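The next block holds one structure in the form of structure tokens; read it before the comments.
Protein chains: 2
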Amino acid sequence: MINTKEIFEKQGIRSTTCRIDLVNYFTKNKFAISFPQLEKALKKHDRTSVYRNLIFFEEQGVVHKLYDADGILKYALCKDNCAEHLHHDNHMHLTCNKCKHTYCLNEKHTPKIKSPKKVVIESVAITARGLCENCKN
Amino acid sequence: MINTKEIFEKQGIRSTTCRIDLVNYFTKNKFAISFPQLEKALKKHDRTSVYRNLIFFEEQGVVHKLYDADGILKYALCKDNCAEHLHHDNHMHLTCNKCKHTYCLNEKHTPKIKSPKKVVIESVAITARGLCENCKN
DNA sequence: TTTATTCGTGCAACTAAGTTGCATCACACT
DNA sequence: AGTGTGATGCAACTTAGTTGCACGAATAAA
Numbered sequence: 802m803i804n805t806k807e808i809f810e811k812q813g814i815r816s817t818t819c820r821i822d823l824v825n826y827f828t829k830n831k832f833a834i835s836f837p838q839l840e841k842a843l844k845k846h847d848r849t850s851v852y853r854n855l856i857f858f859e860e861q862g863v864v865h866k867l868y869d870a871d872g873i874l875k876y877a878l879c880k881d882n883c884a885e886h887l888h889h890d891n892h893m894h895l896t897c898n899k900c901k902h903t904y905c906l907n908e909k910h911t912p913k914i915k916s917p918k919k920v921v922i923e924s925v926a927i928t929a930r931g932l933c934e935n936c937k938n
Numbered sequence: 802m803i804n805t806k807e808i809f810e811k812q813g814i815r816s817t818t819c820r821i822d823l824v825n826y827f828t829k830n831k832f833a834i835s836f837p838q839l840e841k842a843l844k845k846h847d848r849t850s851v852y853r854n855l856i857f858f859e860e861q862g863v864v865h866k867l868y869d870a871d872g873i874l875k876y877a878l879c880k881d882n883c884a885e886h887l888h889h890d891n892h893m894h895l896t897c898n899k900c901k902h903t904y905c906l907n908e909k910h911t912p913k914i915k916s917p918k919k920v921v922i923e924s925v926a927i928t929a930r931g932l933c934e935n936c937k938n
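Quick note, the sequences are listed as chains X and Z, same order.
Sequential numbering from 802 applies to the first sequence in our numbering.
Sequential numbering from 802 applies to the second sequence in our numbering.
Below, the structure is given as structure tokens:
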């Protein structure tokens with residue numbers, strides 16, 4: 802929490818309370834988060850600021866977009882290997898049937914998809930339903 | 802087109818013009834269709850009827866739901882092997898970057914995903930982006 | 001340090017998607 | 001013909017996502 806500001810400044814991202822609160826909320830929740838949820842969690846900031854900073858963060862490679870198993874747009878923190886405009890979000894996501902949260906799964910569990918001859922596949926999103934680490938027991 | 806009514810009656814589905822127009826629209830378009838698109842295409846019927854019949858058809862195993870690469874809810878005709886409440890939509894979907902349509906791909910191209918030890922995977926949705934059969938050339 | 005420029009914020013308003021309640025109409029079954 | 005269930009049409013509404021614009025804050029140049 803304490804060094805979020807420093808990280809921003811290193812990346813040339815102007816550090817504002819809205820942005821700091823945003824990343825802090827992401828770091829303390831280990832799952833993907835929707836805009837409506839962020840809106841409620843960060844009520845002290847305007848919806849629009851949160852909304853635009855999400856877009857900004859995505860452009861900067863701080864977070865990545867994903868659609869969960871119910872088609873809900875969510876955002877999750879990128880790992881370090883996510884560079885600007887070059888997301889390595891080649892990992893799958895798991896929406897837990899019990900706690901309803903959506904988590905990023907490790908890249909090594911994600912299969913490579915081979916293109917059928919008839920079509921061309923450029924990228925793939927894999928979204929699973931099941932039980933997360935906490936809920937499976 | 803001519804035997805849609807018969808098929809309905811065989812399955813015990815009451816045959817109405819709205820329902821017939823709906824399946825006919827699906828059979829003549831070989832891609833998945835969103836509710837807003839159906840709304841425009843079937844203007845002679847009320848939005849609500851179209852909407853509720855989509856839900857009804859999904860329950861009956863006539864169509865299946867999917868989210869395309871942009872998180873847009875779409876519906877596609879089920880193959881014959883889709884029984885009521887038991888959809889075999891274990892196939893992946895491809896959203897074409899050129900024509901923007903979303904197609905069902907053959908099941909044999911869809912990899913089986915193995916569950917990582919830490920979590921439990923019950924079902925998987927795979928959505929690809931790329932070029933469809935018509936647009937790839 | 002004042003000024004200019006750029007960037008971030010807040011407010012309002014709006015589009016579009018998805019959903020529900022209710023009255024009415026059509027059909028099938030006594 | 002009468003009754004009950006199923007399908008439709010209309011209206012209204014919730015929620016998500018998005019945009020324009022004016023104001024405020026921070027940075028850079030004069």
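Idealized CB from N, CA, C, for every residue including glycine.
Predicted, not measured: the structure shown is a model, and the values here were computed from it.
Arg930/Z sits in a strand when the DSSP states are folded into three classes.
Annotated three-state conformation of Ser850/Z is helix, per DSSP. One finds Val920 in chain X with Cβ atoms closer than 8 Å to the Cβ of Cys933/Z, taken in chain order. Remark: C-beta atoms of Cys897/X and Leu932/X approach each other more closely than 7 Å. By the criterion of a C-beta distance shorter than 8 Å, Ala929/X is surrounded in its chain by Ala870, Met893, His894, Leu895, Thr896 and Leu906, once the five residues flanking it on both sides are discounted.
Contact with chain Z is found for Val925/X, since one of that chain's Cβ atoms lies less than 7 Å from the residue's Cβ.
DSSP assignment within the stretch 807 to 873 of chain X yields the following whole alpha helix (DSSP H) runs of 4 residues or more, N-terminal first: 818 to 829, 836 to 842 and 848 to 861.
In this chain, Leu906/X is not harboured by any beta strand (DSSP E), its DSSP state being neither H nor E. For the stretch 861 to 879 of chain Z, residues whose beta-carbon sits nearer than 7 Å to a beta-carbon of chain X comprise Tyr868, Ala870, Gly872 and Leu874. Among the residues facing chain Z, Ala929/X is included, as its CB has a counterpart in that chain under 7 Å away. Interface annotation for the stretch 892 to 921 of chain X against chain Z: Met893, Leu895, Cys897, Asn898, Tyr904, Leu906, Asn907, Lys909, His910, Thr911, Pro912, Lys913, Ile914, Lys915, Ser916, Pro917, Lys919, Val920 and Val921, criterion Cβ-Cβ distance under 9 Å. Ranking Phe857/X, Val851/X, Lys880/X and Tyr868/X by CA distance to the CA of Thr828/X puts Lys880/X first.
Closer than 7 Å to the CB of Lys937/Z there is at least one CB belonging to chain X. Taking Glu840/X as the centre and dropping the five residues before and after it, the same chain places the C-beta of Arg848 and Val851 closer than 7 Å to its C-beta, in chain order. Sequence-distant partners of Lys806/Z (beyond 5 residues in either direction) whose C-beta falls short of 7 Å from its own C-beta, in its chain, are Ser816 and Ile821. Beta-bridge annotation (DSSP): Thr896/X is paired with Thr903/X and Arg930/X. Residue nearest to Asn825/Z within the set Ile808/Z, Gln812/Z and Gly813/Z is Ile808/Z (criterion: CA-CA distance).
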